[in-house]
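Protein chains in written order, with the working numbering: chain F, -6 to 257; chain Z, 476 to 727. Cβ coordinates follow ideal geometry from the N, Cα and C atoms, glycine included. Below is one structure, written out as structure tokens, with a few remarks after it.
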């Protein structure tokens, strides 16, 4: 570091930066300090941990895929629209981000539950009951994760310079081809970031899941639910599970950092 | 986009800050903090109201959660003056290694009952029906006293039930019964009594039922914080007994 005169305003920035970093770092240190390393592998290989891990991966990836499949058309519709319907839909889409997840879970029950206005007929006619199934976990996770994807994708679409698409149109490219060969590659970083954020949100989902899908080992008990249960019975298992969750998230973010969150 | 993000962070930081305030207890505050199991919610709210009327200036702060959650919070150092639980094992886990050991007193008993959604859509007449494959039945998790008692009762009756979800507290279980998502749930008789307007129920006969004993303890009796002892005495008093009776809790 060069010994130039220090600007006092630097300190003004460094203090909150230090506090913020500590806020992220200290809980992690606490977790690592209490990890039962000698029994780590044994805990990790237990049926309950593996079940929760498998469920978490399947459901969060499913939710991320659904978020992409439903979110991309929604985002492009929102990005292009200025109508009142558009603004209303945008509020609707963002609602799950501010709603406490437990409330979201109750709302999902009221809609898709056995007595829900959609779930009721669904069960009577098709015999399909969503609550307490793995499907319900994916629905709950999609409900909370989708807004994150839509928001990120819409921001990308809005900053996309439409003149590129217009130029392609003058060269005779049809609508689909313009989207596929011009728009999509140019907004790809936003979409990738959107998928990662949606996936991460789905992986950590707790409130909506335990309310809507319940808590059953092997069926609906994802890693966050397993942590919650284990914390009350076997705190050491809870720490191992938490560490697994942290490691998966950190690993993904680390592997994708250069590609999806480019550092200049 | 940028200013909106910083606004988000600001509100998040405020929320974290506020949550932090709730966790720190100032040394000699006049507020008495009571940790009680979820199944005691209604009765303890009434007890606290009556206590505060009796002792002007005294202030109680009630904290309800599933019993094992309270145990973890207390073991990790949550500041509470009184702990009232749905089973004795949980109190022992909190007191393990505490010297001097404060006296633990049983203040009530409870029993199990079957909670049903209004109209009993599953047509359930008793414990034996809970084994039917066409029903969606749930219990509290085995780590929750209510879940453990329910499994004991079912085992005693020789019925195997596949719990659709191991609910984290009796309150959560009752809510799902009330919404009609479950055909039945095994909870405490007192839960069924206080939710009688919203749910139906079927009693469990004495020979199959499990009697839960509810202990109460004033933690860390301290000259500066005598409120804990006073509240425990009140719960054990004749007036406390009357209130507990009105919520269906049996005498110890």
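Reference residue i; option with closest CA among the options
i	options	result
residue 681 of chain Z	Z/635, Z/602, Z/634, Z/655	Z/602
residue 619 of chain Z	Z/534, Z/722, Z/564	Z/564
residue 593 of chain Z	Z/703, Z/562, Z/675	Z/675
residue 702 of chain Z	Z/662, Z/578, Z/555, Z/721	Z/555
residue 533 of chain Z	Z/559, Z/717, Z/516, Z/508	Z/508
residue 260 of chain F	F/20, F/112, F/215, F/124	No answer is possible for residue 260 of chain F: it lies beyond the span of chain F, which begins at -6 and ends at 257.
residue 42 of chain F	F/238, F/94, F/243	F/238
residue 140 of chain F	F/38, F/61, F/26, F/5	F/61
residue 158 of chain F	F/122, F/145, F/180	F/180
residue 242 of chain F	F/191, F/206, F/204, F/11	F/191
residue 719 of chain Z	Z/506, Z/607, Z/515, Z/577	Z/515
residue 666 of chain Z	Z/727, Z/621, Z/715, Z/595	Z/621
residue 245 of chain F	F/6, F/98, F/20, F/186	F/186
residue 663 of chain Z	Z/677, Z/506, Z/655	Z/677
residue 691 of chain Z	Z/629, Z/725, Z/561, Z/506	Z/561
Extent of the continuous beta strand (DSSP E) run through residue i
i	result
residue 612 of chain Z	612 to 615
residue 198 of chain F	Careful: residue 198 of chain F lies outside any beta strand (DSSP E) and carries neither H nor E.
residue 676 of chain Z	674 to 678
residue 580 of chain Z	579 to 585
residue 507 of chain Z	506 to 512
residue 223 of chain F	Counting along the chain, residue 223 of chain F falls outside any beta strand (DSSP E), though it belongs to the alpha helix (DSSP H) covering 216 to 226.
residue 100 of chain F	From DSSP, residue 100 of chain F is part of no beta strand (DSSP E) but of the alpha helix (DSSP H) over 94 to 105.
residue 662 of chain Z	659 to 663
Inter-residue CB distance, residue i and residue j (contact presumed, cutoff 8 Å)
i	j	result
residue 213 of chain F	residue 130 of chain F	5 Å
residue 616 of chain Z	residue 222 of chain F	6 Å
residue 138 of chain F	residue 201 of chain F	Between residue 201 of chain F and residue 138 of chain F the Cβ distance is about 10 Å, and since that is not below 8 Å, they are no contact.
residue 530 of chain Z	residue 705 of chain Z	7 Å
residue 225 of chain F	residue 547 of chain Z	6 Å
residue 217 of chain F	residue 197 of chain F	6 Å
residue 512 of chain Z	residue 559 of chain Z	7 Å
residue 142 of chain F	residue 64 of chain F	4 Å
residue 88 of chain F	residue 105 of chain F	The pair is not a contact, with the Cβ atoms about 17 Å apart (cut-off 8 Å).
Residue-level contact to chain A via CB, residue i, 8 Å cutoff
i	result
residue 613 of chain Z	Checking the listed chains, one finds no chain A in this structure; the protein chains it contains are F and Z.
Close-in-space but distant-in-sequence residues of the same chain around residue i (CB under 8 Å, 5 per side omitted)
i	result
residue 670 of chain Z	590, 649, 653
residue 651 of chain Z	613, 640, 642, 657, 660
residue 610 of chain Z	597, 599, 604, 658, 659
residue 79 of chain F	70, 71
residue 668 of chain Z	722, 723
Close-in-space but distant-in-sequence residues of the same chain around residue i (CB under 7 Å, 5 per side omitted)
i	result
residue 624 of chain Z	587, 685, 687
residue 151 of chain F	72
residue 211 of chain F	44
residue 183 of chain F	145, 146, 148, 149
residue 33 of chain F	233
residue 693 of chain Z	556, 557, 577, 703, 704, 707
residue 498 of chain Z	Only weak support is given to the placement of residue 498 of chain Z: the predicted model assigns it a pLDDT of 38, under 50, and the value that follows is read from those uncertain coordinates. Around residue 498 of chain Z: no qualifying Cβ.
Residue i, enclosing alpha helix (DSSP H) - first and last residue
i	result
residue 134 of chain F	127 to 152
residue 715 of chain Z	713 to 721
residue 552 of chain Z	Neither: residue 552 of chain Z is in no alpha helix (DSSP H) and is coded neither H nor E.
residue 691 of chain Z	Unbroken run through residue 691 of chain Z is the beta strand (DSSP E), 687 to 693; no alpha helix (DSSP H).
residue 535 of chain Z	Segment 534 to 540 is the beta strand (DSSP E) holding residue 535 of chain Z; no alpha helix (DSSP H) there.
residue 636 of chain Z	No alpha helix (DSSP H) contains residue 636 of chain Z, which DSSP labels as neither H nor E.
residue 574 of chain Z	Counting along the chain, residue 574 of chain Z falls outside any alpha helix (DSSP H), and DSSP gives it neither H nor E.
residue 75 of chain F	Counting along the chain, residue 75 of chain F falls outside any alpha helix (DSSP H), and DSSP gives it neither H nor E.
residue 523 of chain Z	516 to 529
residue 114 of chain F	112 to 119
residue 11 of chain F	1 to 26
residue 683 of chain Z	It is not in any alpha helix (DSSP H) - residue 683 of chain Z carries neither H nor E in the DSSP assignment.
residue 623 of chain Z	620 to 632
residue 670 of chain Z	Careful: residue 670 of chain Z lies outside any alpha helix (DSSP H) and carries neither H nor E.
residue 163 of chain F	155 to 163
Residues near residue i by beta carbon distance below 6 Å, same chain, minus five either side
i	result
residue 334 of chain F	In the structure as shown, chain F begins at -6 and stops at 257. Residue 334 of chain F is therefore absent and cannot be evaluated.
residue 23 of chain F	none
residue 219 of chain F	45, 234
residue 90 of chain F	140
residue 109 of chain F	103
Near the ligand PLP: residue i beta-carbon under 7 Å from a heavy atom
i	result
residue 515 of chain Z	The ligand PLP is absent from the structure shown, which contains no ligand whatsoever.
Subject >> the stretch 564 to 577 of chain Z touching the stretch 636 to 644 of chain Z, judged by at least three CB pairs closer than 8 Å >> reply: Output reads no: the stretch 636 to 644 of chain Z does not touch the stretch 564 to 577 of chain Z.
Original post:
Is the stretch 133 to 140 of chain F touching the stretch 46 to 60 of chain F in the sense that three or more CB pairs, one from each, lie closer than 8 Å?
Top reply: Put simply, the stretch 46 to 60 of chain F touches the stretch 133 to 140 of chain F. At least three CB pairs are less than 8 Å apart.
Original post:
Is the stretch 162 to 175 of chain F close to the stretch 225 to 242 of chain F, with three or more CB pairs under 8 Å?
Top reply: At 8 Å Cβ cutoff, the stretches do not touch.
Subject >> Inter-stretch contact (C-beta, 8 Å, three-pair minimum) for the stretch 516 to 528 of chain Z and the stretch 543 to 557 of chain Z >> reply: Cβ pair count under 8 Å is below three, so no.
Subject >> At least three beta-carbon pairs within less than 8 Å, the stretch 506 to 520 of chain Z to the stretch 537 to 545 of chain Z >> reply: Yes, they touch.
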